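Quick notes on the structure that follows.
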Amino acid sequence: MKTASNEIVCSVIIPAHNEVEGLDCVLRKVLGVVDESFQVIVVDDGSTDGTATVAARSPCLLLLRHEKRLGKGRALRTGIDRARGRNVIWIDADDTYPAEGLQEINKALEGGCDLVHGVRSRGRENMPLLNRFGNALFARAIGLLYGGKMADPLSGLCGLRREHLESMDLTSAGFGIDCEVSVKAARMGLRLLDLPVEYRPRLGRAKLRGPTAGVAIGLEILRLLWWRPRPRTTGEMSAEPAVSDPFCESGKRPTVTALICTLNEEENLPHVLPRLPAWIDEVLIVDGHSSDRTVERALELRPDARIIYQPGKGKGDALRHGIQEARQDIVVTLDADGSMDMAETASFVRPLLEGYDFVKGSRFLPDGGTSDMPSFRRFGNWVFTSLVNLFFKAKYTDLCYGYNAFWRKALDGVELRSNGFDVETELNIKVWQKGLRVTEVPSHEQARRFGKGKLGSYKDGAKILRTIFVERLRRHGSKDVLSWRRS
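Structural data, given as C-alpha cells:
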C-alpha cells in the first residue's frame, strides 16, 4: 500500500525474548512483504541470546529494548506506545505465523474491520495438545461471558485499529495480553474478522508454560468481568493530545501549576510530561530522591520544569511541600505513573473559573472509570468514601484519587499532616470541613505504564482508615487524638 505523502498506515510489532533463531527468519519474511507505508518495530524483552543483535542488523526497523524481561504484554504495550500507524498488527517472533498475512490484515482493517485474528485453522497439529484444549476452552468461556464468537482468541497474529487499542487501556504484562485484547474487543462490540492461517512448528524453545499460563489466562478472563469500555475523548493518548483551553470561553487567564510527585518514575515520565496541555504555566516536580534517572529524564522532556526535592519521605510529604512551593494561581495535582489522562485537565480547571474552590476527580461518576483497581481495593474505597460521607456529611463518590485542581490560596489554613497515601483522604476531608466550594468531575484512571505501584493496599488502607477516625475525633476536639503521631 503506497501513499502519496509517505504516511505510515500500519505498524507491525514483533515482541521477542530469546528468539535469535526465529527472529532472523521472521524479519526476512516481514521486511519482504511490507512497503514504505509500514512501520516495523521489534521490542527486545530483556533477551540474553543476541536477539537484539539480530534486530539491529536491519536499518529499516525501530528497535526498542527492555533491560530485563517484563513479559510479552509489557513488550507489546511498549511497541504500541511508539506505533505511528493508524493500524497496529503484532506477530510472534518464533516463525509460527505467516508474514504474508500482514498485508491482508491491514487491507481488512482499512476496509472497515476493527479487529482481525489470524485463526490457526491449518497446522493445528503443531500446537501442543494441552494448548489446543485450553484455547478452545477459553474461546468458549469468552463467548459465554462476553458475547461474540471468537475462533482463536489467543492468536499471536492480530491486528486492530490503533484508536481501539488506546481505548482498551491494556494492563496485562504476560501472555494474557492476547486474551485481554479479545475480551475487551467483545465488550466494545468491535467488528471482528477471522483470517485462516497456517500454524507452523516454532523455531527455538517455547516460552509459554501450559498449566501456569492457563491459570493466568483464566484469571484474566474473570478479572475483566469488572471492566467497562469508556467514551473516547478527542486526541486521547496521542503524543500531542488535542486538549482544549479552559480559558478561551471565560476570557480570564489565571496561571496554572502542574504539580507532579515522583519517585523512580523514569520510564513513565515520557507518557506524562509531553502530554501536558500547552496552557500550563509551571511544571513543578517534587522528587523523593529517586535512585534512577527520573530527574534527568524530566529535564530532557521538559527543560522548563522546576525540580525540587522533598525534605522527608512519602507522597503526603511531597504533596504538602509542592503545594507550598507552587507559584501560580491554580494547582493541578497529577500522578507520575501515566495513569491519568492529560486530555481531562481542562475539565478540572473550568469549574474553578465558574466559582468553585476545589475540583476533584472521581472514577465512579458516569463517564469515569478505572483500569487499575482490583475488586478488593474498589470495595475498600467504597467503605472509606461512605465513612467520610457519614462522618462529615460530605457527598463524595471517590476518595482515594490524586487527580485534583484548586485555587492555591483556597488551601491557606489547610494543614496537612499525613505523610503517606492517606494525604488524599485528609485533603478531601479538610477542604470539605473548611466550607470550600467543592465539586467532582468524571475521570478515567488507566493502569500505570511501567514499574510497580508504591501503594500497599493493606498497610495504606489501614492508614486511610485511621486518618478518617482521627479527623472525626479531631472535629469534636479530642485532645487524646491530637497527640497521635502520624507516619
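The sequence shown maps to residues 0 to 486 in numbering that gives the first Met the number 0. Beta carbons are placed, not taken as given, at the ideal position from N, Cα and C, and that holds for glycine. Keep in mind it's a predicted model, so treat the numbers as computed, not measured.
What do you get for Lys392, buried or exposed, if any count of 16 or more other CB atoms within 10 angstroms of its CB means buried?
Numbered from 1 along the sequence shown, position 393 holds the residue referred to as residue 392. Per the 10 Å Cβ criterion, exposed.
Using CA atoms only, rank isn't needed, just tell me which of Ser361, Pro97, Cys9 is closest to Glu343.
Numbered from 1 along the sequence shown, position 344 holds the residue referred to as residue 343. Measuring from the Cα of Glu343, the nearest candidate turns out to be Ser361.
Indicate whether Arg201 and Asp23 have their beta-carbon atoms separated by less than 9 angstroms.
Locating residue 201 in the sequence shown gives position 202, counting from the first residue. Locating residue 23 in the sequence shown gives position 24, counting from the first residue. No. Outside cutoff.
Contacts around His65, its chain only, beta-carbon distance under 8 angstroms, and the 5 residues preceding and following it disregarded:
As a working note, residue 65 is residue 66 in the sequence shown. If you ignore the 5 residues before and after His65, its C-beta comes within less than 8 angstroms of the C-beta of Val42, Asp43, Asp44, Gly45, Arg73, Ala74, Thr77, all in its own chain and listed in chain order.
According to DSSP, is Pro14 helix, strand or coil?
Working through the sequence shown from its first residue, we reach residue 14 at position 15. Strand at Pro14.
Do you know whose CA, among Leu318, Gly313, Arg227, Ile329, lies nearest Glu444's CA?
On the sequence shown, position 445 is the one that residue 444 refers to. Nearest Cα to Glu444 within the set Leu318, Gly313, Arg227, Ile329: Arg227.
Taking the CB atoms as reference points, tell me whether Ala107 and Leu194 lie closer together than 9 angstroms.
The count along the sequence shown starts at 1 and reaches residue 107 at position 108. The count along the sequence shown starts at 1 and reaches residue 194 at position 195. Cβ distance < 9 angstroms, so Ala107 and Leu194 count as in contact.
Is there contact between the stretch 256-269 and the stretch 361-378, where contact requires at least three CB pairs shorter than 8 angstroms?
The stretch 256-269 vs the stretch 361-378: no contact.
Enumerate in chain order the residues of its own chain whose CB-to-CB distance from Ser370 is below 8 angstroms, with the five nearest sequence positions on each side excluded.
Translated into positions along the sequence shown, residue 370 becomes position 371. Excluding sequence neighbours, Ser370 sits near Asp168, Thr170, Trp226, His443, Glu444, Gln445, Ala446.
Classify Phe420 as buried or exposed, calling it buried when 16 or more other Cβ atoms lie within 10 Å of its own Cβ.
As a working mapping, residue 420 is identified with position 421 in the sequence shown. With 16 or more neighbouring CB atoms inside 10 Å of its own CB, Phe420 falls in the buried class.
With H, G and I counted as helix, E and B as strand and the rest as coil, what does DSSP make of Arg161?
One-based indexing of the sequence shown puts residue 161 at position 162. Three-state result, Arg161: helix.
Any non-hydrogen atom of the ligand NAD closer than 8 angstroms to Cys9 Cβ:
No copy of the ligand NAD occurs in the structure displayed, which carries no ligand at all.
Can you give me the C-alpha to C-alpha distance between Ser346 and Glu414, rounded to a whole angstrom?
Within the sequence shown, residue 346 is the residue found at index 347, counting from 1. Within the sequence shown, residue 414 is the residue found at index 415, counting from 1. Between the alpha carbons of Ser346 and Glu414 lies a distance of about 27 angstroms.
Neighbourhood of Ala212 by C-beta, 7 angstroms cutoff - its chain only, sequence neighbours within 5 removed
Locating residue 212 in the sequence shown gives position 213, counting from the first residue. Cβ neighbours of Ala212 beyond the five flanking positions: Phe174.
Paired residues, beta bridge with His320 - DSSP
Numbered from its first residue, the sequence shown carries residue 320 at position 321. Paired residues: none, contrary to the question.
C-alpha gap between Asn427 and Arg222, whole angstroms:
As a working note, residue 427 is residue 428 in the sequence shown. As a working note, residue 222 is residue 223 in the sequence shown. For the pair Asn427 and Arg222, the Cα-to-Cα distance works out to about 30 angstroms.
If we define contact as Cβ-Cβ less than 9 angstroms, is Asp356 a contact residue for chain C?
The chain labelled as chain C is not found in the depicted structure, where only one protein chain is given.
Best match in Asn380, Asp80, Leu224, Pro273 for proximity to Ala185 [C-alpha to C-alpha]
Walking along the sequence shown from the start, residue 185 turns up at place 186. The shortest Cα separation from Ala185 among Asn380, Asp80, Leu224, Pro273 belongs to Leu224.
Which of the three DSSP states, helix, strand or coil, is assigned to Trp226?
For this step, residue 226 is matched to residue 227 along the sequence shown. Three-state DSSP puts Trp226 in coil, outside helix and strand.
Please classify Asp340: is it buried, with 16 or more other beta-carbons within 10 angstroms of its beta-carbon, or exposed?
Your numbering for residue 340 matches position 341 in the sequence shown. Looking at its Cβ environment, which holds 16 or more other Cβ atoms inside 10 Å, Asp340 is buried.
Identify every run of the beta strand (DSSP E) within the stretch 36-113, keeping only runs that are complete inside it and at least 3 residues long; order them along the chain.
Counting whole runs of 3 or more residues, the stretch 36-113 contains the beta strand (DSSP E) stretches 37-44, 61-65, 86-90.
Out of curiosity, what's the CA-to-CA distance linking Gly476 and Met187?
As a working mapping, residue 476 is identified with position 477 in the sequence shown. As a working mapping, residue 187 is identified with position 188 in the sequence shown. Only weak support is given to the placement of Gly476: the predicted model assigns it a pLDDT of 49, under 50, and the question is left unresolved by the model.
Any chance you could list the beta strand (DSSP E) runs of at least 3 consecutive residues sitting entirely within the stretch 390-420, in chain order?
Unbroken beta strand (DSSP E) stretches of 3 residues or longer found wholly inside the stretch 390-420: 403-406, given in chain order.
Run the CB neighbour count on Ser487, radius 10 Å, all protein chains shown included, and call it buried at 16 or more, exposed below.
Outside the displayed span of the chain (0 to 486) sits residue 487, for which this structure offers no information.
Smallest Cα separation from Ile13: which of Asp91, Ile104, Arg376, Arg274?
Position 14 of the sequence shown, counted from the first residue, corresponds to residue 13. Nearest of Asp91, Ile104, Arg376, Arg274 to Ile13, Cα basis: Asp91.
For Gly321 and Val382, I'd like the C-alpha separation in whole angstroms.
Your numbering for residue 321 matches position 322 in the sequence shown. Your numbering for residue 382 matches position 383 in the sequence shown. Going from the Cα of Gly321 to the Cα of Val382 covers about 29 angstroms.
Between Ala138, Pro97, Asp316, Val25, which has its C-alpha nearest Val53's C-alpha?
On the sequence shown, position 54 is the one that residue 53 refers to. Nearest in C-alpha terms to Val53, of all of Ala138, Pro97, Asp316, Val25, is Val25.
Would you tell me roughly how many angstroms separate the C-alpha atoms of Asp280 and Val180, rounded to the nearest one?
Reading the sequence shown from its first residue, position 281 is the one you call residue 280. Reading the sequence shown from its first residue, position 181 is the one you call residue 180. In this structure, the straight-line span from the alpha carbon of Asp280 to that of Val180 is close to 38 angstroms.
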